[in-house]
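Per this note's numbering: the sequence shown = residues 3 to 139. For every residue, glycine included, the Cβ atom is placed at its ideal position computed from N, Cα and C. One structure is given below, encoded as structure tokens.
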Amino acid sequence: MSESLNIGPDGIIPQQGWTHRLKVPPSKRMLFRFSFAAWYEHQIWICSVDTGNILVKKGNYLDTIDWVSDNNNAGQDAYLAIVGYHKESPPNGTKPWVQSPMKVRDESSDGRSTVVGFDDSGHQVFGNAVATATMLD
3 MSESLNIGPD GIIPQQGWTH RLKVPPSKRM LFRFSFAAWY EHQIWICSVD
53 TGNILVKKGN YLDTIDWVSD NNNAGQDAYL AIVGYHKESP PNGTKPWVQS
103 PMKVRDESSD GRSTVVGFDD SGHQVFGNAV ATATMLD
């Protein structure tokens, strides 16, 4: 089973309420910054809504380097999705992945900047994994 926006790790069907979509206008691109404050293993996926393809995976035990999307040359709005997953442990091949509850922590009024947080403990802190998306000209 191939992973995508619609099929998470371990075959998870993601809850749409825990997936955030971002609009990328024509001739724009998005800068994503990632931060993690967690002992549990986390991944944040950025996916194309149009194709469902995973564009990048970032994680606290993986790669946390900033990522910039391709320029939107489609001539119409494109959409990217942010979804998070975690294990209830540090990296451990025997533990299953679960989808992380998500909350938009901050969003600029012009839609050019969005901060999305994920929670792994049920405390609704939404700071265990964070993606900040900023539109670039």
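| Item | Value |
| --- | --- |
| Euclidean distance between Cα positions of W99 and D52 | 25 Å |
| Spatial neighbours of T66 in its chain, beta-carbon cut-off 7 Å, leaving aside the 5 residues before and after | F36, F38 and K60 |
| Residues near V85 in its chain [Cβ-Cβ closer than 6 Å; skip 5 each side] | P16, T21 and W47 |
| Where N75 falls, given that 16 or more other Cβ within 10 Å makes a residue buried | exposed |
| Boundaries (first-last residue) of the beta strand (DSSP E) holding T136 | A131 to L138 |
| Classification of Y87 by the beta-carbon crowding that lies within 10 angstroms, buried from 16 upward | buried |
| Under the three-state DSSP convention, the category D12 falls into | helix |
| Helix, strand or coil at G19 [DSSP, three-state] | helix |
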